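Chemist:
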Amino acid sequence: MSETDPEGRILFVNDEATYIWGYSREELLGQPHSLIRSDAHPPRFFERMWDRIKSGFVWQGEVQNRAKDGTPFWVHLTITPVLDAEGKPYKYIGVAFDITRQKIQAQRLKEALRQLEAQTQELPTYLQRLPWFLTDKQGTLLSASPAFLELTGYEKPELVLGQNARILRSPQTPDYVFLDLWATIGRGKPWMGFLTNRDAHGVDRLQFLAIFPVEDRYLAVLLPAQEACDALKAEWMKNYAPLETLQEYQLLLQAKEYELEELERILHQLQNRPQ
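Number 128 in our numbering belongs to position 128 of the sequence shown; there are no gaps in the numbering.
Okay, here's the thing in structure tokens:
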């Protein structure tokens with residue numbers, strides 16, 4: 001916290017301010033507050049700030065300052081004018097919160113998103129057509145394909161990127177499904193299964209989700225449930241149909257066909273259950 005006179009000369013600073021700024025109290029008192037100003041903001045930025053507080057209004061904003069040793073730091077600053085009997089400011093009280101770490105993290109995320117966007121532009125066309133998304137270890141969405149945005153109803157990437165993947169979650173999916181999901185991928189293993197998600201318009205849809213741990217990220221592919229069933233059926237028939245004439249594989253094929261029928265039966269029940 002600090003206090004200045006109407007000309008911006010420092011009247012008071014607390015211990016926290018001296019610590020962050022790197023100056024002693026004696027070095028600061030009587031000096032213009034611009035002593036800690038950095039070159040990050042144009043002159044017009046401060047002109048508008050002064051116009052507002054001189055008019056008796058509170059000003060709030062994010063400001064980059066510079067410590068005595070030249071280290072830049074960011075604060076969220078609130079300046080409150082203290083008015084005299086005539087309604088004119090006779091001093092200003094500034095309360096600042098250090099947000100340097102948050103600004104650095106935001107910049108790193110922005111750069112990571114830029115790099116991911118550049119990388120995904122180089123993916124093969126067939127991958128671009130898949131509804132996939134990429135998250136960090138906490139589930140924050142870092143990148144997504146156009147097909148994913150179309151499937152989930154988000155018209156623009158900025159509406160979903162930076163959000164946690166839980167925005168897709170529907171109350172219809174039991175908690176134990178997500179507990180199993182996170183426990184599995186937390187061990188570095190892929191997770192696959194059916195679950196109900198909620199799109200941007202609030203519509204619940206049964207979908208197939210496959211998540212693959214990739215270094216410090218999770219790559220996920222999301223498909224409509226029926227499309228996933230059709231793909232599984234095609235894959236199973238491709239692998240096992242040529243072996244139908246071999247007696248030793250007939251039982252295996254029958255088992256797979258039974259699993260598929262059971263899967264489709266469950267899917268039909270889920271799609272037609274009362275809401």
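Even for Gly, the Cβ is constructed at its ideal location relative to N, Cα and C. As the structure is a prediction and not an experimental result, all values here were calculated from the model.
Taking residue 29 as the reference, which of 4, 192, 104, 189 has the closest Cα?
Modeler: As a working mapping, residue 29 is identified with position 29 in the sequence shown. Minimum Cα distance to residue 29 is reached at 4.
Chemist: Count the C-beta pairs between the stretch 198–213 and the stretch 148–158 that are closer than 8 angstroms, then say yes if the count reaches three, no if not.
Modeler: yes
Chemist: Hey, would you say residue 135 sits closer than 7 angstroms to residue 218, going by beta carbons?
Modeler: Here residue 135 refers to the residue found at position 135 of the sequence shown. Here residue 218 refers to the residue found at position 218 of the sequence shown. Yes. Within cutoff.
Chemist: If you drop the 5 nearest sequence neighbours on each side, which residues of the same chain put their C-beta closer than 7 angstroms to that of residue 185?
Modeler: Indexing the sequence shown from 1 puts residue 185 at position 185. Spatial neighbours of residue 185 in its own chain (CB-CB distance under 7 angstroms, excluding positions within 5 residues in sequence) are listed in chain order as 191, 211, 213, 218.
Chemist: Between which two residues does the alpha helix (DSSP H) harbouring residue 183 extend?
Modeler: The residue given as residue 183 occupies position 183 in the sequence shown. That run of the alpha helix (DSSP H) goes 175–186.
Chemist: Looking only at DSSP bridge pairs, what is residue 134 linked to?
Modeler: Stepping through the sequence shown from its first residue, residue 134 is reached at position 134. In the DSSP output, where bridge partners are listed per residue, residue 134 has 143, 219.
Chemist: Just checking, does the stretch 79–98 make contact with the stretch 34–53 on the three C-beta pairs under 8 angstroms criterion?
Modeler: They touch, by the three-pair rule.
Chemist: If the criterion is Cβ atoms closer than 7 angstroms, does the pair residue 103 and residue 74 meet it?
Modeler: The sequence position of residue 103 within the sequence shown is 103, counting from 1. The sequence position of residue 74 within the sequence shown is 74, counting from 1. Yes; because the gap between Cβ atoms is below 7 angstroms, this pair is in contact.
Chemist: Residue 33 by DSSP, collapsed to three states: which one?
Modeler: Numbered from 1 along the sequence shown, position 33 holds the residue referred to as residue 33. Reduced to three states, the DSSP call for residue 33 is helix.
Chemist: Roughly how many whole angstroms lie between the Cα atoms of residue 132 and residue 160?
Modeler: Here residue 132 refers to the residue found at position 132 when the sequence shown is read from its first residue. Here residue 160 refers to the residue found at position 160 when the sequence shown is read from its first residue. Approximately 13 angstroms between the Cα atoms of the pair.
Chemist: Which same chain residues end up closer than 7 angstroms to residue 59 when comparing Cβ atoms and leaving out the 5 residues on each side of it in sequence?
Modeler: The residue given as residue 59 occupies position 59 in the sequence shown. Result list for residue 59: 49, 52, 53, 79, in chain order.
Chemist: Residue 10: which of 20, 16, 25, 19 sits nearest, CA to CA?
Modeler: The sequence position of residue 10 within the sequence shown is 10, counting from 1. Out of 20, 16, 25, 19, 25 has the C-alpha closest to the C-alpha of residue 10.
Chemist: Flag this pair as yes or no: are the beta carbons of residue 172 and residue 204 separated by less than 7 angstroms?
Modeler: To locate residue 172, count along the sequence shown from 1; it is residue 172. To locate residue 204, count along the sequence shown from 1; it is residue 204. Yes, these two residues count as a Cβ contact at 7 angstroms.
Chemist: Would you check if the distance between the CB atom of residue 8 and the CB atom of residue 33 is smaller than 7 angstroms?
Modeler: Residue 8 sits at position 8 when you count from the first residue of the sequence shown. Residue 33 sits at position 33 when you count from the first residue of the sequence shown. Yes. Within cutoff.
Chemist: What are the start and end residues of the beta strand (DSSP E) that includes residue 18?
Modeler: Numbered from 1 along the sequence shown, position 18 holds the residue referred to as residue 18. Careful: residue 18 lies outside any beta strand (DSSP E), inside the alpha helix (DSSP H) at 15–21.
Chemist: Nearest to residue 195 by alpha carbon, out of 23, 223, 17, 2?
Modeler: For the purposes of this step, residue 195 is taken as residue 195 along the sequence shown, with counting starting at 1. Ranking the options by Cα distance to residue 195, first place goes to 223.
Chemist: Just list the residues that DSSP pairs residue 163 with in beta bridges.
Modeler: Indexing the sequence shown from 1 puts residue 163 at position 163. None; residue 163 has no bridge partner.
Chemist: For a quick check, are the C-beta atoms of residue 106 and residue 77 less than 7 angstroms apart?
Modeler: As a first step, residue 106 is located in the sequence shown; it is residue number 106 there, counting from the start. As a first step, residue 77 is located in the sequence shown; it is residue number 77 there, counting from the start. Not closer than 7 angstroms, so no.
Chemist: Look at the alpha carbon of residue 65 and the alpha carbon of residue 93, and state the distance between them as a whole number of angstroms.
Modeler: Along the sequence shown, read from residue 1 onward, the residue named residue 65 stands at position 65. Along the sequence shown, read from residue 1 onward, the residue named residue 93 stands at position 93. Cα-Cα distance, rounded: 17 angstroms.
Chemist: Please state whether DSSP places residue 106 in a helix, a strand or coil.
Modeler: Walking along the sequence shown from the start, residue 106 turns up at place 106. It is helical.
Chemist: Nearest to residue 61 by CA position, among 69, 70, 45, is which residue?
Modeler: Walking along the sequence shown from the start, residue 61 turns up at place 61. When only C-alpha atoms are compared, the closest one is 45.
Chemist: According to DSSP, simplified to helix, strand and coil, what is residue 245?
Modeler: Within the sequence shown, numbered from 1, the residue matching residue 245 stands at position 245. Confidence in residue 245 is poor, its pLDDT being 45 and thus under 50, which makes the residue's placement too unreliable to answer from.
Chemist: Roughly how many whole angstroms lie between the Cα atoms of residue 81 and residue 67?
Modeler: The count along the sequence shown starts at 1 and reaches residue 81 at position 81. The count along the sequence shown starts at 1 and reaches residue 67 at position 67. Their Cα atoms are separated by approximately 25 angstroms.
Chemist: On the DSSP letters alone, give me the boundaries of the alpha helix (DSSP H) that residue 51 sits inside.
Modeler: In the sequence shown, residue 51 corresponds to position 51, counting from 1. Its alpha helix (DSSP H) spans residues 43–54.
Chemist: For residue 72, which three-state DSSP category applies?
Modeler: Position 72 of the sequence shown, counting from 1, holds the residue named residue 72. In the structure shown, residue 72 sits in a strand (DSSP, three-state: E or B).
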